[in-house]
Amino acid sequence: MKKTLIPTALGLVASLGLTTAALAEIRLGASISATGPAAFLGDPEAKTLEILVEQLNAAGGIGGENIALVLYDDAGDPNKARTFATRLVEDDEVVAIIGGTTTGTSMSILAVAEDAEIPFISLAGAIDIIDPVKRHTFKTPHTDRMACQKIFEHMQNQGFTGIGLISGTDGFGASMQAQCKDVAGDFGITIVADETYDPKDADMTAQLTKIRNAAGVQAVLNPGFGQGPSIVTRNYRQLDIGLPLYQSHGVASDGFIELAGTDAAEGVRLPGTALLVADLLADDDAQKPVVTAYKAAFEGKTGIPVGTFGGYAHDAFLILTDAIARADAAEPAAIRDAIEATTGLAGTTGIYSFTATDHLGLDLSAFRMLEIKDGKWMLAE
Amino acid sequence: MKLSAKTATLLVLALLVAVTPFFFPSGYYYRVGALIFVNGIAVTGIVILTGYAGQISLGHAGFAGIGAYACALAPVHLGLHPALAVVLGAAISAAMAWLVGRPILRLKGYYLGVATLGFGILVSMVLNNERELTRGPDGIDVPELGLRTVLKDWGLELTNGQFWYFFCGLFLILGAWLALNLYDSPTGRALRALHGSEIAARTVGVDVARMKLQAFVISAVYASVSGSLLALQNKFITPDVAGFMHSIEMVTMAVLGGVGSILGAILGAGILTLLPQVLTVFAEYEQLVLGLVMMLVMIFLREGLLPSILRRLRGTGE
Amino acid sequence: MSELLQFLFSGVTVGAVYALVALGFTIIYNASDVVNFAQGEFVMLGGMITWFAHAAGLPLPLAALIAIAATAALGVAMNKLAIEPARGAPVVSLIIITIGASIFIQGAAQLVFDKQIHSFPAFSGDDPIRIGGATILPQSLWVIGGALATFVGLWVFFTRTLLGRAVLATSNNRLAAQLVGINTNFVMTLSFALSAGIGALAGVLATPITLTSYGVGIGFALKGFAGAMLGGMGNPKGALVGGFAIGLIEAMTAGYLSSQYKDAAAFIMILLVLFFMPQGLFGRKSTDRV
C-alpha cells in the first residue's frame, strides 16, 4: 500500500492542477454571513449572488468566460471571515472578493485583500470601510453617516430641533448612533434623549418611556436592524407616543412592515433605496430597469420579497462584472482600476461613480425618504 | 527507551509544528494552523482548570478578551510595545482571575458554571458598550507586533502566514511544557487530589481554596495570551472574542478531545477549528453536524476523542 | 408613578417568559440532575412551529397545540437519545451534550424553516390596555397568566396527584422510587415532555411580543437559567420568582440606571446571590456525602 500511496497522491495533485488550468473561468470569491446574528442580511445576499452568477453564465458569461463563484459563510465572525478571505486569496486564487455582511467581517476581509492587492467590494454600512480610502476596498451600501444626514435633512424641513435616539447595541446600531450624534448639530438638531437596547431584547417600553418623558422631544430615531426595530415600532404604538418615528435603512424591507404590523408601522419614515418603491419610479428613472429586473429575478427564484441587503450584493456584482468587461485582463490589478473608473452605473441602491478618493460612489440623492402608508412604501413629502 | 508521557507530548507537538508545513499546498494552511495553535493555547489552560482541578468555567473567553484588548489599547493609550501589552494583558487577567476567583470558586458544579458565565458576559458587555475606549461592537485595529520585520533584518524572511504559524506554535509548545511540568509538580498533584475529592484532599493538608485559585489564575493567563496572539495576528479584534459562544467553544474543544490530556485538548481544538473549513460545501449543515458531533462524542466517548482512541490502539478495551 | 408602572409592566412581561423557561429548567433538573441548556430551543420551536403551521393555513389554536405536542415529543426524544445514555457522566460532559443538542436543534431549524424573523397575530388583539397612565398589551396578560397557570397546575400536579408525587420521589432518590414500584423510565419521559411542553408554551405565548427566529433560543435559555439559579435550582417556586425577578431587575435598570447595562444588572444580581446565598433565594442548603 505504501508503494502506491505517494504516486497516487502526486497523481491526484497533478490532476487537480490540470483541471483548474483547463477551464477558462473567472474566479470570484465571497465571504458572507449567511448564518449567525446577521443571517437576516447575509442570507438574501448569498442567494442574490448565486442567482446572478447563474443568470450571467446562462447568458454566456463575460467575454465567453464563465464566472466561478466561491462562496463561504463566515457566520458573522470576523475571525472566520479573515480565514476565509485568506483561503480565497491563497487557495482558491480568486481575482476579486465580494462580501463582508457586517462591518467587523468587512474590516477583517479588507485587511487580507489590501495585503494581497485584490479588489474587495464590501456590503456593510460603516463609513470606516472607505474612509480613509483604501486602494482596493470599495463598498455598495450608503454609509450610516449618509443615512443620518438624509434623516436629519427631512427632520430639519419638518422643523424639528430636538429628538430622542434609541439604538441597538449591535455594530450597525452603535455605529449609526455615533455618526448621528456627530452630524446632528449640522442640521440644528439636539439629541435630548439617548437610549439603547440589546438586539435580542423583547421589550423596549422602559427606554421609550424615558424618551417620551424627556423634555423637548419632537421626533424619535431608531438606528438598528433585525427584530429590534420591529419591536421598538410596536412598543412605540403601544405607548401611543404620537411623535414621528424614523427608522434606519437597516430595516428597509417588506419584512419590517410585516413584523411591526401595518398598524404600528403607519407613518414610520426611513431612508430607502429605489428598490422598495420600484413601482413608483418614473419610467425614465435610470434605476427603474435595474430595479425591476432584480426584483423579478429574486422574488421569482426565492419567493421572499426583496430587501435592500440583497440589493447591495446585486450592485456589488454589477460593479464587478461591469469592471471586468471593461478591464484589459481578468486580473486583480486591472479589475481594480476598472472599478475605480466606474461612472454613472445604475444599481438598485443608487447610481455609482467612483474616483480615486471616493470608493463609495454614491451621494444623498440615491437615498429616498420613504414613509409607510397602509402597509406599503410611499415616497415621503 | 520508553518515553515519558511528557516527552512524548512535547515531541508530538514539536513534530506537528515543524513537519506539517511541508505538506501545505498554499499559504492559507499556515493561517489555519496558527488558529489551531492559538486555540490550543487557550484549551491548555482549560485542561489545567477543568482537567486537572475539575473546576468548570463557562466564561474564560472573558480573559481572552482582556488579553486581546490589552494589545489593542495599551500601545495606543499607554505607549507600550505590543509585546509588552501581551504581558500587561496577562497580568490584568491574572489579577481579575484572582479577585473574581476567590468568591466564585467556593461554588461547585452548575453554580460555578453560571457564575463564570456571568463574569464572561460582563466582560464582553463592557467591551461592547464602552465605545469611547474600545470602538464598540464594530471592533478595533490592533497594532503590528513588528517581530517579523526584526527577523527580516536578521536575515530570516517569512511570510505573514508563516511567521504567525511558527510563532503561535512556539507559544503552544511552551505552554504545553509548562502545563506538563505543573502536572508533575506538587501543585499539580494537589490539583488532581482535589479533583478527586475536595474533602479528602483537605484532610491530607491540601489548601483547597488556594489551589483552586491558582489553577483559575494560571488558566486565565493562558486564555489571555491566546486572545493577545489572536488580536496581534488579525491586527483587528471585536468584542465577540470575549463572548459566551467563544467560552463554550473553548470548553467544547477541550472536552471533545479529552480534557484530561493536553494533546487531547489540542486535538479537539484542531477538529473544531477545521470543521467550518472542511464543511464549507455543506455550510448549511455545519451547525447540525457540530451539534451532532458534540453529543455523540460526549455520549459514546466520554473521556474525549484522544483517550478513547489511545485506549482502542492499546487494546486494553473498556 | 405612571413611569414606574410602565417599567413594572415591561419587567413582568419578559419576566413571565423567563419564569416559564426557568420552570422548564427546574423540572428537568429535578428529574435527572441535568441542567438542560437546550431549554431555550424549546421556546424557539414553540414559536417557529406555530408560525410555520399557521402560515401553512392552520388555525392558530391548532397550530399552537401542534407546536407544543411536537416539542414535547422532541423533549422525550432528547432524553432517550442524548441524556439517558450519558447518565453518570461528569457535569462538564452533560453541559456539552445539552449545548450540543441546542446547536443541533438550531441547525435543524435553519434547514426545516428558514433564517428570517417571524411572528403571528396576538391572541386577543393588539390594542393596549391603559392602567394608571401606563399601557400593557393583552398578549402580555396571556404570557403572565400562562406562567401563573402553569405554576399552579404544576403545584397541584406535584402535591395532589399520585403521578406528580412519583415524579418528586424519583428526583429525590431514583433507586428508592424504583423499589417502591414507580416506573422511573416513564417518570423521566414525562418530566422531559412536560419541560419541553412548558418551554414551547412560553414560545407560543410570547412570540406575538418577542418575535421569533431560529437563533432566539440562547437568549431565553441564559436568562431563564439565571432566573432558576436566582430562585434556587430545583425549586419551582424559586423558578417562578427568579424568572420574574430577572425581568423586573432588567426593566428597572433600563428605566432608572442605564439601558446599556440592563443585562449586566441581572448577571451582577446572580453573582451577588451566588456569593452570599449560594443555594439561591429558595433553595435548601445542600449537604454532600463525602
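Residue numbers (my numbering), protein chains in the order written: chain A, 8 to 388; chain B, 1415 to 1732; chain C, 1215 to 1504. Just so you know, even glycine gets a beta-carbon here, dropped at the ideal spot from N, CA and C. Everything numeric in this text was worked out from a predicted model, so none of it was measured.
Out of curiosity, what's the CA-to-CA distance linking C:R1344 and C:L1351?
9 Å
Quiz item: To the nearest angstrom, how far is it from the Cα of C:F1490 to the Cα of C:A1303?
Solution: 29 Å
Measuring CB to CB, does A:I2 end up less than 8 Å from A:K308? The question about residue 2 of chain A has no answer, for chain A in this structure spans 8 to 388.
- Query: Is the CB-CB distance between B:G1684 and B:L1720 below 8 Å?
  - Reply: no
Nearest by alpha-carbon distance to A:G111: which of A:F127, A:I104, A:E124, A:A131 is it? A:A131
### Message
Out of A:E61, A:L35, A:A226, A:A41, which one is the CA nearest neighbour of A:L95?
### Response
A:L35
If you pair each beta-carbon of the segment 166-178 of chain A with each one of the segment 140-153 of chain A, do three or more pairs fall below 8 Å? no
**Report entry** Residue ranges of each alpha helix (DSSP H) within the segment 1586-1619 of chain B, 4 or longer
**Finding:** 1600-1610, 1612-1617
Worksheet item: Would you report the Cα separation of C:N1250 and A:D151, rounded to the nearest angstrom?
Response: 41 Å
- Task: Please name the residue in C:V1235, C:V1226, C:I1241 whose C-alpha comes closest to that of C:G1448.
- Result: C:I1241
Note to self: Looking at chain C, is there any beta carbon in it that lies within less than 8 Å of the beta carbon of A:A29?
What the structure shows: Model confidence at A:A29 stands at a pLDDT of 41, short of 50, so the residue's coordinates are unreliable and nothing is read from them.
Coarse secondary structure for A:L199, derived from DSSP in three states = Rather than Leu, the amino acid found at residue 199 of chain A in this sequence is Val. Strand at A:V199.
Could you spell out where the alpha helix (DSSP H) holding B:G1560 opens and where it closes? Run containing B:G1560: none; DSSP gives neither H nor E here.
In the DSSP output, which residue or residues are listed as bridge partners for A:Y253? A:L228, A:R276
(message) What ranges does the alpha helix (DSSP H) occupy inside the segment 1419-1487 of chain B, keeping only unbroken runs of at least 4 residues that lie completely in it?
(response) 1419-1433, 1442-1460
Notebook entry, point to check: Distance, Cα to Cα, A:G223 vs A:T197?
Noted result: 9 Å
Please tell me whether B:I1462 and B:I1662 are closer than 8 Å, where the distance is taken between their beta carbons. no
>> Quick check on C:M1215: buried or exposed, where buried means 16 or more other Cβ atoms within 10 Å of its Cβ?
In response: exposed
key: Rounded Cβ spacing between B:M1539 and C:D1477 (contact assumed at less than 8 Å)   = 6 Å
Taking the alpha carbon of C:L1444 as the point to measure from, which residue in C:I1423, C:F1496, C:V1430, C:A1407 has its own alpha carbon closest? C:F1496
* For A:Y79, the first and last residue of its enclosing alpha helix (DSSP H) -> Looking at the DSSP string, A:Y79 is not in any alpha helix (DSSP H); the run it does join, the beta strand (DSSP E), is 73-80.
Residues that B:T1453 contacts on chain C, provided the C-beta gap is smaller than 7 Å
Contrary to the premise, residue 1453 of chain B reads as Asn rather than Thr in this sequence. Ordered by position in chain C, no residue passes the 7 Å Cβ test against B:N1453, which lies about 16 Å from the chain.
Query raised in the report: Can the beta-carbon of B:G1589 be found less than 8 Å from the beta-carbon of B:V1669?
Result: no
Exercise for the section: Would you please verify whether the beta carbon of A:T315 is less than 8 Å from any beta carbon of chain B? Expected result: no
### Burial state of B:W1568 (16 or more Cβ within 10 Å)
exposed
Checklist entry - Apart from the five residues on each side of it in sequence, which residues of its chain come closer than 7 Å, Cβ to Cβ, to A:K87? => result D81
* Which of helix, strand or coil does DSSP assign to A:A332? -> helix
| said: As an exercise, report each continuous alpha helix (DSSP H) stretch of at least 4 residues that is fully enclosed by the segment 86-168 of chain A, in chain order. | reply: 110-123, 151-165
In whole angstroms, give me the CA-to-CA distance for B:V1695 and B:L1492. 45 Å
So what does DSSP say about B:R1685, is it helix, strand or coil? In the sequence as presented, Arg is not what sits at residue 1685 of chain B; that position holds Ile. Residue state, collapsed to three classes: helix.
**Message:** With DSSP as the reference, identify every bridge partner of A:R34, one or two as the case may be.
**Reply:** A:A75
Exercise. Could you tell me whether the segment 1422-1441 of chain C touches the segment 1254-1272 of chain C, where touching means 3 or more Cβ pairs closer than 8 Å?
Key: yes
Mind checking the segment 100-115 of chain A against chain B and listing, in chain order, the residues whose C-beta falls within less than 7 Å of any C-beta there? T110, G111, M114, S115
Review point. Alpha carbon to alpha carbon, what distance is there between B:Q1647 and B:T1434?
Key: 20 Å
Rounded distance between the beta-carbons of B:A1484 and B:V1455, thought under 8 Å: It should be pointed out that residue 1455 of chain B corresponds to Ile in this sequence rather than to Val. Not confirmed; about 16 Å, so no contact.
message = Would the segment 229-248 of chain A count as touching the segment 270-282 of chain A if we require 3 or more Cβ pairs under 8 Å?
response = yes
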